[in-house]
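Before any comments, here is the structure.
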Amino acid sequence: MTRARKATAPVEPRVTLLAVTPDGEKLVAAAARLCYASDPAAISRHDPEDNARLVRMVVERGHLSTIEHVSFTFLVEGVSRAMTHQLVRHRVASYSQRSQRYVAEHDFAYVAPPRLRGKKVATAAGEVDAERYFHETMVYLAERYAVLCEALGGTPEERREDARYVLPNACETKIIVTMNGRELRHFFEERLCLRAQWEIRAVAERMRALAGEACPSAFAGTGPKCVRMGRCPEGARGCGAFAAVRARYMGERTDG
């Protein structure tokens, strides 16, 4: 029997902006002028400072259909299947994810929750370090995956599609995501909240930074929904840090 290979070390999330609509702020400003200006020639006007002012204005007024004309495509790597199950719930988006049917996972990398650090796990043999216990569990599952791939028979795709049932939610995956500006702002409002799961929140922070560099006026001051609402909508389930969270993101807002 082929010797089972081992699960690799934990990975960290990486986000790359692959593509963005060229001249995004100019395009959003043109859409806004089309809606508000009586002079058709105003649509082709291009003044960077005026464009930025206009984009900030329509965003602050909630006229977000204008920023739907700008799209962003990200490559997200070093994240878990648990995280992408949350990500794809944002339906106004396009996704392409690495397949566990066509890609072998004998040496799968994995994402380890930070809360494992410094914790102990009680076992029959006594207390063990939680990070070590987690890693050993990943190795165990990698070994079982390899055994099943060999034992099941059929085409390579058939073996993988059945053996993958033993793979953990922690298994690392890669996904390409395309969202328009409006959906991206909604994504940030939901996933930058401190009550959001830690992994998707970290990815959202990276995406926000990249989107803000590409189209700053459309994303200035973007944060969890409490930033826009002026209050925490979670009630008793709130994070308890509303003022500090809102101040952080509002402090980044550019007055225009």
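Everything in the sequence shown is counted per the working numbering, starting at 1056 for the first residue and increasing by one. Just so you know, even glycine gets a beta-carbon here, dropped at the ideal spot from N, CA and C.
Exercise. So which of Met1284, Ala1291, Val1143 and Lys1229 has the shortest CA-CA distance to phenylalanine 1242?
Worked result: Val1143
For this session: Could you name the residues of the same chain whose beta carbon sits closer than 6 Å to that of alanine 1059, not counting the 5 residues immediately before and after it, in chain order?
Result: Low per-residue confidence applies at alanine 1059: pLDDT is 38, beneath 50, and the placement is therefore not dependable enough to give any value.
For this session: Measure the C-alpha to C-alpha separation of glutamate 1104 and glycine 1306 and round it to an integer number of angstroms.
Result: 21 Å
For this session: Out of Thr1178, Ala1185 and Ala1275, point me to the one whose CA is closest to proline 1169's CA.
Result: Ala1185
Problem set entry | Cβ of proline 1168 within 9 Å of any chain D Cβ | Structure shown: chain D not included; a single protein chain is present.
For this session: Determine the closest residue to serine 1149 out of Arg1261, Arg1240 and Ile1231, with distance taken between C-alpha atoms.
Result: Ile1231
For this session: Pick helix, strand or coil for glutamine 1152, following the three-state DSSP scheme.
Result: strand
Problem set entry | Rounded Cβ spacing between threonine 1139 and threonine 1228 (contact assumed at less than 8 Å) | 6 Å
Exercise. So, are the CB atoms of threonine 1128 and alanine 1086 less than 9 Å apart?
Worked result: no
Problem set entry | Span of the beta strand (DSSP E) around aspartate 1217 | Not the beta strand (DSSP E): aspartate 1217 falls in the alpha helix (DSSP H), residues 1211-1218.
For this session: Could you name the residues of the same chain whose beta carbon sits closer than 8 Å to that of leucine 1119, not counting the 5 residues immediately before and after it, in chain order?
Result: Val1113, Gly1236, Arg1237 and Arg1240
Problem set entry | alanine 1159 vs cysteine 1204 beta-carbon contact at 9 Å | yes
Problem set entry | Contacting residues, own chain, Cβ-Cβ under 7 Å from leucine 1082 (five flanking each side not counted) | Thr1076, His1124 and Val1125
Problem set entry | Rounded Cβ spacing between valine 1282 and arginine 1256 (contact assumed at less than 8 Å) | Going by Cβ atoms, the distance from valine 1282 to arginine 1256 rounds to 15 Å, so no, they are not a contact pair.
For this session: Indicate the three-state DSSP secondary structure (helix, strand or coil) for cysteine 1248 in the structure shown.
Result: coil
Exercise. When you compare each of Arg1172, Arg1156, Glu1191 and Leu1171 to arginine 1219 by their alpha carbons, which one comes out closest?
Worked result: Arg1156
For this session: Measure the CB-CB distance between valine 1166 and proline 1068 and report whether it falls below 9 Å.
Result: yes
For this session: Give the DSSP bridge partners of asparagine 1106, in chain order.
Result: BP columns for asparagine 1106 are empty, so no partner.
Exercise. Of the residues Pro1223, Glu1244, Ala1298 and Ser1099, which one's Cα is nearest the Cα of histidine 1190?
Worked result: Pro1223
Problem set entry | Nearest residue (CA-CA) to glutamine 1141, options Glu1080, Glu1245 and Gly1173 | Glu1245
Problem set entry | In DSSP terms, what arginine 1069 is bridged to | Glu1132
Problem set entry | Nearest residue (CA-CA) to aspartate 1217, options Ser1154, Arg1292, Ser1093 and Arg1146 | Ser1154
Problem set entry | Proximal residues to proline 1065 (C-beta, below 7 Å), its chain only, five neighbours per side dropped | Tyr1165, Val1166 and Ala1167
For this session: List the endpoints of the continuous beta strand (DSSP E) containing isoleucine 1255.
Result: Per DSSP, isoleucine 1255 belongs to no beta strand (DSSP E); it is in the alpha helix (DSSP H), 1253-1269.
Exercise. Residue range of the beta strand (DSSP E) that valine 1176 falls in?
Worked result: 1175-1178
Problem set entry | Outcome for glutamate 1115 when other beta-carbon atoms lying within 10 angstroms are tallied against a minimum of 16 | exposed
Exercise. What's the call for tyrosine 1304, buried or exposed, on a 16-neighbour Cβ count within 10 Å?
Worked result: buried
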